[in-house]
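In our numbering, the protein residues as written are 99 to 260.
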Ligand code: SF4
Ligand code: SF4
């Protein structure tokens, strides 16, 4: 079984290889489209939550309070346009970037068999044939490793433990 750290290393290697062949890759600091339109409330395995919790604990009391308020409004948001509670909407950056879940690390670089899973902006470039040279990461494989790290809970449920 791979640890979360080992899984991160694998993802970092795939992401680096894609970036190397495509220096103008869309995913970059300041591109926060996916963080504004989550398909569901983020779900984390216990190992991802432990890391995430460290990132949350490193924030100021003011930021933590802001995030708690964001979490409280999550269940009332439309399931088609959930804004991640960890997004700094002014800066367009992730407040816990180094501690973010696997889904955030793979989205934009990994695809799932028969489903795609590209973000809309990347999908557009794929349709235009601009990314034919990309060796995408295998999302099914990542999911299989994640399944071995324990049962997922969504952020609202995890925050009940804080
Ligand atoms: S997945 Fe899409 S929206 Fe998200 S950072 Fe990458 S290019 Fe931007
Ligand atoms: S945890 Fe960070 S990277 Fe992931 S969706 Fe939220 S703001 Fe974006």
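From the three backbone atoms N, C-alpha and C, an ideal C-beta is built for every residue, glycine too.
Whole-number beta carbon distance between residue j and residue i, since they are thought to touch under 8 angstroms
i           : j           : result
residue 237 : residue 209 : 6 angstroms
residue 146 : residue 200 : 6 angstroms
residue 233 : residue 105 : With 8 angstroms as the limit, residue 233 and residue 105 do not qualify as a contact, their Cβ atoms being about 18 angstroms apart.
residue 132 : residue 192 : In fact, because the Cβ distance is near 11 angstroms, the residues do not count as touching under 8 angstroms.
residue 250 : residue 142 : 6 angstroms
N- and C-terminal bounds of the alpha helix (DSSP H) containing residue i
i           : result
residue 144 : 144-155
residue 53  : Nothing can be reported for residue 53, as the shown portion of the chain is limited to 99 through 260.
residue 250 : Residue 250 -> no alpha helix (DSSP H), and no H or E assigned at all.
residue 111 : 102-119
residue 167 : 159-172
residue 239 : 237-245
residue 203 : 200-204
residue 220 : 218-225
residue 132 : 131-134
Exposure of residue i, with buried meaning 16 or more beta-carbon neighbours within 10 Å
i           : result
residue 183 : buried
residue 101 : exposed
residue 77  : One cannot answer for residue 77 here, as it falls past the ends of the chain, which runs 99 to 260.
residue 103 : exposed
residue 185 : buried
residue 195 : exposed
residue 244 : buried
residue 206 : buried
residue 140 : buried
Reference residue i, options the options, closest by Cα
i           : options               : result
residue 258 : 119, 180, 167 and 242 : 167
residue 137 : 172, 144, 113 and 143 : 172
residue 187 : 157, 134 and 227      : 134
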